[in-house]
Amino acid sequence: MASEAEPAYGRRLMPSVLDELARKNPNKLYGAIPKSSDVTEGFRDITVADIARCANFMAAWIVERFGRSESFETLTYIGIEDFRGVAVFHAAVKCGYKLLLPSPRNPPTTNVSLMAQTGSTKLLHAAEVLPVVKQLQNLEPTIRPEVIPSFNGMINSTPEHFPYEKDFEEARDDPILVLHSSGSTGNTSEILQEPNGIDLFKDLEFVGHSGAPLNPAAGDRLSKVTDVVSVYGSTETFLIPELALAREDWAWHEFNPAFKHEMRLYDPAEGTYEMVVLADETNKDTSAIHHNMPGITEYHTKDLFTRHPENPRLFKYYGRRDDIIVLANGAKLYPIPLEVSVQSHPSLKGAFVIGNGRTQAALLVEPRAFLDENQRTKFFEELWPLIERSNPLIAGHGRIQQDKVICANPDKPFARTPKGTVIRKLSEALYHDEIEQLYSDSSPAKKTVRVGLNPIVKPVYELPDVMEFARNIISSSFAVAATIPDDGDLYAYGLDSVQTLEIVSNLRRNLQDQTSSPTAWVSPRTIYRNSTILDLSRLLKGFLDEGALPEEESELVQARIMDQIVEGYTKALPKSSGSQTTESSGTSVIALVGSTGYLGTHVLAALLQNPNISRIYCLNRGSDAQERQEAALHELVNGAQPLLQRLRYMTVELGKPLLGLGQSDYDRLAAEVEVIVYNSWRLDFGLALRSFDPFLRATKDLVELSTASKSRMRIVFISSMSSVAQMARKTTAPEAPVPDASAAFNTGYAQSKLAAERILANASRISGVHVSIIRLCQVGGPTSGSPGAWADQPWISALLRTAKTLKSIPSKVAPIDWVPVDTAAAMLRNLVLEPAHGALRVYNIYPARPRPWEHLVDVFRERHDIAEVIPLPRWVRKLRDIVDPTPEDVGRMPALKLLDHYGALGDGVTEISVATERADKVSKVQIPVVDNDMLRSWLQDWGL
Numbered sequence: 022m023a024s025e026a027e028p029a030y031g032r033r034l035m036p037s038v039l040d041e042l043a044r045k046n047p048n049k050l051y052g053a054i055p056k057s058s059d060v061t062e063g064f065r066d067i068t069v070a071d072i073a074r075c076a077n078f079m080a081a082w083i084v085e086r087f088g089r090s091e092s093f094e095t096l097t098y099i100g101i102e103d104f105r106g107v108a109v110f111h112a113a114v115k116c117g118y119k120l121l122l123p124s125p126r127n128p129p130t131t132n133v134s135l136m137a138q139t140g141s142t143k144l145l146h147a148a149e150v151l152p153v154v155k156q157l158q159n160l161e162p163t164i165r166p167e168v169i170p171s172f173n174g175m176i177n178s179t180p181e182h183f184p185y186e187k188d189f190e191e192a193r194d195d196p197i198l199v200l201h202s203s204g205s206t207g208n209t210s211e212i213l214q215e216p217n218g219i220d221l222f223k224d225l226e227f228v229g230h231s232g233a234p235l236n237p238a239a240g241d242r243l244s245k246v247t248d249v250v251s252v253y254g255s256t257e258t259f260l261i262p263e264l265a266l267a268r269e270d271w272a273w274h275e276f277n278p279a280f281k282h283e284m285r286l287y288d289p290a291e292g293t294y295e296m297v298v299l300a301d302e303t304n305k306d307t308s309a310i311h312h313n314m315p316g317i318t319e320y321h322t323k324d325l326f327t328r329h330p331e332n333p334r335l336f337k338y339y340g341r342r343d344d345i346i347v348l349a350n351g352a353k354l355y356p357i358p359l360e361v362s363v364q365s366h367p368s369l370k371g372a373f374v375i376g377n378g379r380t381q382a383a384l385l386v387e388p389r390a391f392l393d394e395n396q397r398t399k400f401f402e403e404l405w406p407l408i409e410r411s412n413p414l415i416a417g418h419g420r421i422q423q424d425k426v427i428c429a430n431p432d433k434p435f436a437r438t439p440k441g442t443v444i445r446k447l448s449e450a451l452y453h454d455e456i457e458q459l460y461s462d463s464s465p466a467k468k469t470v471r472v473g474l475n476p477i478v479k480p481v482y483e484l485p486d487v488m489e490f491a492r493n494i495i496s497s498s499f500a501v502a503a504t505i506p507d508d509g510d511l512y513a514y515g516l517d518s519v520q521t522l523e524i525v526s527n528l529r530r531n532l533q534d535q536t537s538s539p540t541a542w543v544s545p546r547t548i549y550r551n552s553t554i555l556d557l558s559r560l561l562k563g564f565l566d567e568g569a570l571p572e573e574e575s576e577l578v579q580a581r582i583m584d585q586i587v588e589g590y591t592k593a594l595p596k597s598s599g600s601q602t603t604e605s606s607g608t609s610v611i612a613l614v615g616s617t618g619y620l621g622t623h624v625l626a627a628l629l630q631n632p633n634i635s636r637i638y639c640l641n642r643g644s645d646a647q648e649r650q651e652a653a654l655h656e657l658v659n660g661a662q663p664l665l666q667r668l669r670y671m672t673v674e675l676g677k678p679l680l681g682l683g684q685s686d687y688d689r690l691a692a693e694v695e696v697i698v699y700n701s702w703r704l705d706f707g708l709a710l711r712s713f714d715p716f717l718r719a720t721k722d723l724v725e726l727s728t729a730s731k732s733r734m735r736i737v738f739i740s741s742m743s744s745v746a747q748m749a750r751k752t753t754a755p756e757a758p759v760p761d762a763s764a765a766f767n768t769g770y771a772q773s774k775l776a777a778e779r780i781l782a783n784a785s786r787i788s789g790v791h792v793s794i795i796r797l798c799q800v801g802g803p804t805s806g807s808p809g810a811w812a813d814q815p816w817i818s819a820l821l822r823t824a825k826t827l828k829s830i831p832s833k834v835a836p837i838d839w840v841p842v843d844t845a846a847a848m849l850r851n852l853v854l855e856p857a858h859g860a861l862r863v864y865n866i867y868p869a870r871p872r873p874w875e876h877l878v879d880v881f882r883e884r885h886d887i888a889e890v891i892p893l894p895r896w897v898r899k900l901r902d903i904v905d906p907t908p909e910d911v912g913r914m915p916a917l918k919l920l921d922h923y924g925a926l927g928d929g930v931t932e933i934s935v936a937t938e939r940a941d942k943v944s945k946v947q948i949p950v951v952d953n954d955m956l957r958s959w960l961q962d963w964g965l
């Protein structure tokens, strides 16, 4: 007997398939429904024959009332979640209609609009939604509603067969269903509230979820007792076919390779990919976009995913491109991780972050129950610790402050889709007035700290009392400070510049309660230069006891501090064994400390393309470095995948013994690595030299690693031209060690770079290690035609964004002595791979023809309404006149965070003199002139 032909997958029609199944296998189970509202009474099986009978019944019923349609007229159906919707769909298709299925949860105006747009006046509905239908009729009297029979009436009917006689070629482009997107993105709420609720799932083969991310904690608990299946798709694409995964990978997707799609890199910094669905002749019978969007060859879903750190075939849903919030200063914020975390609170029904075009993000929360004023206050007290714990899940510029939370009113619930997810734009519109009020209150949060700070014998204060006073003030803006050791550097624990400004405002205000002396001397620099609770408290005690004001540190004092730091680390350097070490030219195994940043990624991409390098160790502080790193490399390097096999990843903690590595990883580096590139540094121009101690300690630790290594690995330190910028204003900065502590620009960042150079120069002499120091000027964006975009450069972008707000820009700041990032990476690669010649080599990467600042001013004024161009000191004074700036002020004028940096430039720098002969000769790369077209392109990268 001949075997039955395989079904023509992709070329079958749903009504025909249903009729065929009902004829050949009538008892095939279609589904099951509860026998009553009490599920303990069991379920009733529904077969395909039952559904076919209901469809035939409804087809005759529709023809009797409305007749057949010869033009695919739209028929609307609003019902409840039962099998009647299936019957109506098949019946409508058999009768020649296309079906619109709006949700009864939609606002009435939305459903009337949908019917009007599709030309529908015929409305079928279940009796249960009659109140909804009456609202529609009130808005649009031309609607013709008809109540359909109950499901029992359908299934117990005895209709004649209602045939559907079209074949595939005839019907393939017939419209049968009107789809509309939900208009939302959002997240599920916590589902496991009952202590023993998990037991309900133990006997199930699997639990499916779709529509929004499942709370990770809930998914992890569920996956312990059953398979959790995540289904992904959209109105436009239908469900995307996937492969089955191991239970522990429940949160990931492995899309069927036979389904034509691409995961295209979207944001290298975040390591996100966009799902792009492809369409061509080979999948016209199996891909929904051929029918939903005929004629297109690819469809960008706007859904973002991250790649699994170990299995490149797995992707986790990250969110929508539409979810990304762009603050007023251009900073991007992805709020979903915080929202998912906050929504895990059992008293919350929903929460979402707002802030597009604003200076700060805010959070809207919707309680499950009505709250009176007292209950609301208690609710906020209970919720705030969870918000604080959730803040680190998103970028620092997006953290939610305590005065930026709005509680929804019960008479204005969040707008939701039929899936139950929040419609952001509509919900935000509902709370327009409350949001405007929230942001219009420009006064900063006034957190008054009362700690009983009283002198014992006037006017003497006890240091422990002052320390408690200071700790409480700092903790009001930076909660971590409550547990930081007295001598712990606040910035090492994560204090940022915005919080510093808040602390300055609160400190001034609270000091005024204790003394009649002026407190305007308290500035961000006060905190930066006294960055421990102990140091700040000693300073405050001197002021409270005797009115003593801190003296500005002179160049001589700053030089002495650097000399002491260098001397301390030099004494700790290992001594050379005295045995002659050969000058190895080996560069086949390289370690790169700090590979994931803007420059580091470009350097790594350049190194990867050298076939003589067999392995590169990427040493970074983040445990998620691999995912972000490889996402960025795919954008920069064509055909990157095979090259990635040469990468190895280790997580380091600079400043800790053995670089924070385990002994086995440390020993592996010592045994294999021939060159280690030190490219990790904190880019913060406000910090004092002392706050860079972890990086200086790591400098000494790298020397120890080198001396312990098999090949006496060479250390390549990526320094900064700012380390000798002060010298270069007076004389030519040489390609040689500079022992003069006053050579650096007057910021802690520049001074720390020079201190590291000096420690390494001493190490080459004392410890016998080979050292290359590469001073790099300002890194710009890529050259024309090169991949990538200009990453944020704090001192430049802050100045320009502030200039845009003030409509005022400084006339002279610094020369445009910038090097495109791909050029810098190529030069660094060649210098890294240059064999060691002598124990110490110094290179300066600096353009031969810097351009005047005025060129940037001209380009910026082309693009923005800038009313005045004024001298830098006057521009800085305008900002200093803003007393106690609010977070909103800082968001609009981020230069407020860097006033000391701009102040250190004095009247502005016209030019500096730098020797570059050695770097130019060895690197064999010429730095291009940064022309106006380049400037326009780079500013475009910043949205400026």
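The numbers in my numbering rise by one with no breaks, and the one at position 370 of the sequence shown is 391.
The beta carbon of each residue, even a glycine, is placed where N, CA and C say it ideally should be.
No experiment lies behind these values; they were computed from the predicted model shown.
Cα-Cα separation, Ala729 to His791: Sequence index remark: in the sequence shown, residue 729 carries index 708 (1-based). Sequence index remark: in the sequence shown, residue 791 carries index 770 (1-based). Taking C-alpha positions only, Ala729 is separated from His791 by approximately 13 Å.
Cys428 - partner residues in DSSP beta bridges: Your numbering for residue 428 matches position 407 in the sequence shown. DSSP output for Cys428 lists Val386 as bridge partner(s).
Nearest residue (CA-CA) to Phe881, options Leu861, Met955 and Arg898: Counted from its first residue, the sequence shown places residue 881 at position 860. For Phe881, the nearest C-alpha among the options comes from Met955.
Residues bridged to Ile794 (per DSSP): Within the sequence shown, numbered from 1, the residue matching residue 794 stands at position 773. In DSSP, Ile794 forms a bridge with Phe738 and Val863.
Sequence-distant residues of its chain with Cβ nearer than 7 Å to Ala692 (five each side left out): In the sequence shown, the residue the question calls residue 692 occupies position 671. Taken in chain order, the residues that qualify are Lys731.
Residue environment, Ser558, which counts as buried when at least 16 other CB atoms sit within 10 Å: For the purposes of this step, residue 558 is identified with residue 537 of the sequence shown, where counting begins at 1. Counting the other CB atoms within 10 Å of its CB gives Ser558 a total of 16 or more, which places it among the buried residues.
Stretch-stretch touch, CB-based, cutoff 8 Å, three pairs: the segment 884–897 with the segment 840–858: Touching, no, given that fewer than three Cβ pairs across the two stretches are closer than 8 Å.
Cys967 (DSSP reduced to helix, strand or coil): Given a span of 22 to 965 for the chain in the structure shown, any question on residue 967 remains unanswerable.
For Glu283, the first and last residue of its enclosing beta strand (DSSP E): What you label residue 283 is simply residue 262 of the sequence shown in a count that begins at 1. Counting along the chain, the beta strand (DSSP E) containing Glu283 begins and ends at His282 to Asp288.
Distance between Val587 and Ala776 (C-alpha atoms, nearest Å): Reading the sequence shown from its first residue, position 755 is the one you call residue 776. Reading the sequence shown from its first residue, position 566 is the one you call residue 587. Approximately 6 Å, taken between the alpha carbons.
Buried or exposed (CB count within 10 angstroms, at least 16 for buried), Ser308: The residue given as residue 308 occupies position 287 in the sequence shown. With 16 or more other Cβ atoms within 10 Å, it is buried.
Bounding residues of the beta strand (DSSP E) (the contiguous stretch that carries Lys323): In the sequence shown, the residue the question calls residue 323 occupies position 302. Element bounds for Lys323: Glu319 to Arg328.
Neighbour-count burial assignment, Ala857, 16 or more Cβ in a 10 Å radius: Residue numbering aside, residue 857 sits at position 836 when the sequence shown is read from its first letter. Ala857 is buried by the Cβ-count criterion.
Residue environment, Tyr30, which counts as buried when at least 16 other CB atoms sit within 10 Å: The residue you call residue 30 lines up with position 9 of the sequence shown. Tyr30 comes out exposed.
Cβ neighbour criterion (16 or more within 10 Å) applied to Asn132: As a first step, residue 132 must be located in the sequence shown, where it is residue number 111. So Asn132 counts as buried.
Segment limits, alpha helix (DSSP H) that includes Ile495: Stepping through the sequence shown from its first residue, residue 495 is reached at position 474. Its alpha helix (DSSP H) spans residues Leu484 to Ser498.
Reference Asp344, options Glu756, Gly376, Leu369 and Ser90, closest by Cα: Along the sequence shown, one-based indexing puts residue 344 at 323. If we check each option's Cα against that of Asp344, Gly376 comes out closest.
Arg105 versus Ser958 - alpha carbon distance: Taking the first residue of the sequence shown as position 1, residue 105 is located at position 84. Taking the first residue of the sequence shown as position 1, residue 958 is located at position 937. Cα to Cα, Arg105 sits roughly 57 Å from Ser958.
Nonlocal neighbours in the same chain, by C-beta distance under 8 Å from Glu91, ignoring five residues either side: The sequence position of residue 91 within the sequence shown is 70, counting from 1. Cβ within range, chain order: Gly117.
Val525 versus Ala491 - alpha carbon distance: As a working note, residue 525 is residue 504 in the sequence shown. As a working note, residue 491 is residue 470 in the sequence shown. The straight-line gap from Cα to Cα measures roughly 11 Å.
Coil, strand or helix - Phe78 by DSSP: Residue numbering aside, residue 78 sits at position 57 when the sequence shown is read from its first letter. Phe78: helix per DSSP, three-state reduction.
Alpha-carbon to alpha-carbon, Phe183 and Trp82: The residue you call residue 82 lines up with position 61 of the sequence shown. The residue you call residue 183 lines up with position 162 of the sequence shown. Near 11 Å, if we compare the C-alpha coordinates of Phe183 and Trp82.
Closest Cα partner of Leu151 within the set Ser134, Ile169, Thr163 and Thr142: Taking the sequence shown and counting its residues from 1, the one referred to as residue 151 is at position 130. Closest option to Leu151, judged by alpha-carbon separation, among Ser134, Ile169, Thr163 and Thr142: Ile169.
Opposing strand residues paired with Ala53 [DSSP bridges]: Working through the sequence shown from its first residue, we reach residue 53 at position 32. Answer is Asp66, bridged to Ala53.
Alpha carbon of Arg850 to alpha carbon of Ile948, nearest angstrom: Here residue 850 refers to the residue found at position 829 when the sequence shown is read from its first residue. Here residue 948 refers to the residue found at position 927 when the sequence shown is read from its first residue. Those two C-alpha atoms are separated by around 14 Å.
Check whether Ala916 and Thr823 have beta carbons under 7 Å apart: Against the sequence shown, residue 916 aligns to sequence position 895. Against the sequence shown, residue 823 aligns to sequence position 802. Closer than 7 Å, so yes.
Exposed unless 16 or more other CB atoms sit within 10 angstroms - verdict on Gly707: To locate residue 707, count along the sequence shown from 1; it is residue 686. The residue is buried, with at least 16 neighbouring Cβ atoms inside 10 Å.
Beta carbon of Ile837 nearer than 7 Å to that of Leu797: For the purposes of this step, residue 837 is taken as residue 816 along the sequence shown, with counting starting at 1. For the purposes of this step, residue 797 is taken as residue 776 along the sequence shown, with counting starting at 1. No, the pair does not count as a contact, with Cβ atoms beyond the cut-off.
Contact set for Asn551: own chain, Cβ-Cβ below 7 Å, skip 5 residues either direction: For the purposes of this step, residue 551 is taken as residue 530 along the sequence shown, with counting starting at 1. Hits under 7 Å: Leu557 and Leu560.
Rounded separation between Phe400 and Lys425 - CA only: The count along the sequence shown starts at 1 and reaches residue 400 at position 379. The count along the sequence shown starts at 1 and reaches residue 425 at position 404. Approximately 15 Å between the Cα atoms of the pair.
Secondary structure of Gln535, DSSP reduced to three states: The sequence position of residue 535 within the sequence shown is 514, counting from 1. Gln535 falls in the coil class under three-state DSSP.
Leu359 vs Ile427 beta-carbon contact at 7 Å: Residue 359 sits at position 338 when you count from the first residue of the sequence shown. Residue 427 sits at position 406 when you count from the first residue of the sequence shown. No, the Cβ-Cβ distance between Leu359 and Ile427 is not below 7 Å.
Closest by C-alpha distance to Ser743, when choosing among Lys323, Glu489, Arg420 and Val759: As a working mapping, residue 743 is identified with position 722 in the sequence shown. That would be Val759, whose Cα lies nearest to the Cα of Ser743.
Whole-angstrom C-beta distance between Leu243 and Val252, which should lie under 8 Å: Position 231 of the sequence shown, counting from 1, holds the residue named residue 252. Position 222 of the sequence shown, counting from 1, holds the residue named residue 243. Contact doesn't hold; Cβ gap of about 15 Å is too wide.
Contact set for Thr720: own chain, Cβ-Cβ below 8 Å, skip 5 residues either direction: For the purposes of this step, residue 720 is identified with residue 699 of the sequence shown, where counting begins at 1. Same-chain partners within the cutoff: Tyr590, Tyr699, Phe738, Ala777, Ile780 and Leu781.
Contacting residues, own chain, Cβ-Cβ under 6 Å from Thr753 (five flanking each side not counted): As a first step, residue 753 must be located in the sequence shown, where it is residue number 732. Ser934 and Ala936.
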